[in-house]
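With UniProt numbering, letter number 490 in the sequence shown gets 490, and the count goes up by one each step, no holes.
Using N, Cα and C, we set each Cβ at its ideal position, and we do this for glycine too.
These numbers were taken from a predicted model, which means no experiment stands behind them.
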Amino acid sequence: MIESVNLQELLIFILVFTRLTSFIFYVPLFFPSGVPQRYKVVLSLLLTFIMVPIIGKTAPEVNNNLYFIVLICKEISIGLLLGFITTIVFQIVQMAGQFLDFQVSFSMSAVFDPLSNETATILGRFFYMLCMIVFILIDGHHLVIASLAESFNLVGIGALSFKPEIFTYMVHVIIEFFYIGFKMAVPIIFIIIITDFTLGLVARVMPQLNIMMLGIPIKIMLGLLTVSLSVPVLMKMIINNLDQMSQAIKGLLDVLPCVLVFFASEGGEKTEDATPKKKSDARKKGQVAKSKEFTSAIGLLGVTAVAMFFLEGVLNGLKEILIMFFSQYTNMELTLNNVSEIVKIVIIKMLIIFLPVALPIMVMGVIANIAQVGKMFTKEPLKPKFEKINPIKGLKNMFSIKAIIDLLKNIIIIIIIGYVGYKFIESNYYRILNFTNLRFVAMTYALGDLIVDILKKVSLVMIVIGIADYGYQKYKFKKDLRMTKQEVKEEFKQQEGDPIVKGKRRQKQREMAMRRMMQDIPDATVVITNPTHIAIALKYEENSGVAPKVIGKGADNIAIKIKEIAKNNDIPIIENKPLARLIYKEVDLGLEIPYNMYQAVAEILAVVYKMKK
């Protein structure tokens, strides 16, 4: 027995080691070319020692050497397939760089790379290293090791079956990956093509110019500059493409369960509106629909109102301070007491001038926030969170759809406000030129009038933009809060409890109530029947001043059980169909009969007492 167990464990160890070794030897990510093979073997052994206790699988029975060789081949195939899926992620990124090398004229400067033991172009190798950096930053090596462990759960040891669909689908996956790599290089390729087209036009206009000798350095410079500026975008594209690859790999699960989706998104599609609890939790965290543009528009409206009513007062106040300083304090002796007095006067004067300006603007900002989110006090946004300084998350936020929409929105706002400013200057151009004919004081007031006018126009435009943006933010917030059906079920379970558990609990309570009811039947005074389908057990105590009480009732099998207990305890059984049905329908267990049934029940009790006498 001990020898059998030891052989089983040894067989599992060998097969797991085979799968992991074939994967590690195939993937150059862990150990580049030139690293001694023993390090790969040692890593495989370490991973095997870690995974064997976790897997807990039973090995298939091996009756002969040929079957053992087949098992080894299957495990090698699974490891190679996993290695191929992992390696192709990096190869397509390198391929995108090689496409660019061809356009930038770097393809002729290919060099031998001793790490990968192959010839690689400059940008191809750069893209490969960039992909590796991103892969490590998102802990891709952890995901790969976790996926290797999970592969033993999806495809047990020796459970691989070779199907034609596997090879057909792998061809489809390769085509998909090729398309992704080409898509990564297309934007920069288009820039180079446009450059070539422009150089062609130059050559057409100036035939004497050696456009080939001029074009090569221009394309090299433009290509390097474009790639340098596109590094953040390329990193985002690599992350997105790794996410998109999960869709291509996911279909492989239908034909080969061992292929894992390394970068699959969690959960299902969010189609359900957010529940009140989720909305409340989001509000507690400070997550509400809020438009910065709307707040800015209301604040700008406050600035406009202040400029209309307080601008002249502010200018007069500043003028008085200047006159006071130049007339009273220029010849004053600078002592500690005098300086303190001057500072005190300046602070008081400034507060008198600017508080009427600042307070309305602050109030308008508060009103704008309350109008959007209502009264809300939360400390959650102030708490330090380490994910806020996560560089990968920062890159994702920087190049997310939300960031692009915000960028487009800001560009549109700048264009609109710029257009309003342009039209305003155009319409007041000659008026501004005539400012040279005004005195300085008049010029100041005229400039104030112009500022108020342009603030009115811009405020009106910003309010329209703010209202539109607030509507969009509400829609976006509602969409972001949507839940999957599974999330709704889980929340319902947390609030109401598991329906299955609740059903079992109610069933248990009914059974306990039924047992108590059957125990009370022997104390009944009379049992009223349908006669076959319904039985009602009534208890009445003479001279108690209390109406008869229903201590038991039931239909079908329960009614039969009540009648059996009544017969065994010599309790009278009276047939009265209308009364039995009425009590069964109207009176709950443990309650007294209502007033309208007194007459019918009294007649039955009279019969019972006559029978007893």
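Scanning F477, F424 and V587 for the CA closest to the CA of K456 turns up F424. For T529, the enclosing beta strand (DSSP E) stretches over residues V526 to T529.
Put simply, the backbone Cα of G545 is about 54 Å away from that of S280.
Across the structure, K563 and A535 are spaced so that their CA atoms are roughly 7 Å apart. Under the three-state reduction of DSSP output, I573 falls in the strand class.
In the DSSP assignment, K539 falls within the unbroken beta strand (DSSP E) covering I534 to K539. Judged by DSSP secondary structure, V363 falls within the alpha helix (DSSP H) whose first and last residues are L336 to V373. When rounded, the separation of the alpha-carbon atoms in S22 and Y67 is 19 Å. The Cβ neighbour count for Y540, taken over all protein chains shown within 10 Å, is at least 16; the residue is labelled buried. Note on Y584: 16 or more other CB atoms within 10 angstroms of its CB, so buried under the neighbour-count rule.
Put simply, the backbone Cα of M517 is about 15 Å away from that of N569.
Its Cα nearest to that of I55, the residue I157 stands out among F90, I157 and S44. When the five nearest sequence neighbours on each side are left out, the beta carbons in the same chain lying within less than 7 Å of the beta carbon of V607 are those of I574, in order along the chain. Shown here, V288 sits in coil according to DSSP, grouped into three states, outside any helix or strand. Ranked by Cα distance from I370, the options A547, S291, D480 and D101 are led by S291. When DSSP states are grouped into helix, strand and coil, E592 belongs to the strand group.
Contact holds between the stretch 357-376 and the stretch 294-302, because three or more Cβ pairs, one in each stretch, are under 8 Å apart. The Cβ atoms of N530 and K577 lie closer than 8 Å to each other. Within the model, the alpha-carbon separation for K344 versus L315 is close to 21 Å. I465 is classed as buried because its beta carbon has at least 16 other beta carbons within 10 Å across all chains shown. When secondary structure is reduced to three states using DSSP, M483 falls in the strand class. Under DSSP, K553 shares a beta bridge with I536. In this structure, I528 lies away from A566, with their beta-carbon atoms at least 8 Å apart. Burial is judged here by how many other beta carbons sit within 10 angstroms of a residue's own beta carbon; P53 has fewer than 16 and is exposed.
A Cβ-Cβ distance of about 17 Å is found for the pair N428 and L460, leaving them out of contact under the 8 Å criterion. Secondary structure at A580: helix, using DSSP grouped into helix, strand and coil. Taking 8 Å as the cut-off, the Cβ atoms of G83 and Y26 count as close. Annotation: the continuous alpha helix (DSSP H) that includes P53 extends over Q37 to I55. Within the model, the alpha-carbon separation for L334 versus L322 is close to 18 Å. Between I551 and D523, the C-beta gap is smaller than 8 Å, which places the two residues in contact. For the options P217, F177, V288 and L15, the alpha carbon positioned closest to that of G374 is the one of V288. The three-state secondary structure of T121, taken from DSSP, is coil. P594 and E586 do touch by the CB rule: their CB atoms are close to 7 Å apart, below 8 Å.
Non-local beta-carbon contacts of I88 in its own chain, meaning distances under 6 Å to residues more than five positions away in sequence, involve F177 in chain order. In this structure the stretch 45-52 does not touch the stretch 69-84; the number of beta carbon pairs closer than 8 Å is below three. Comparing alpha-carbon positions, the option among L407, N331, P548 and D406 lying closest to L605 turns out to be P548.
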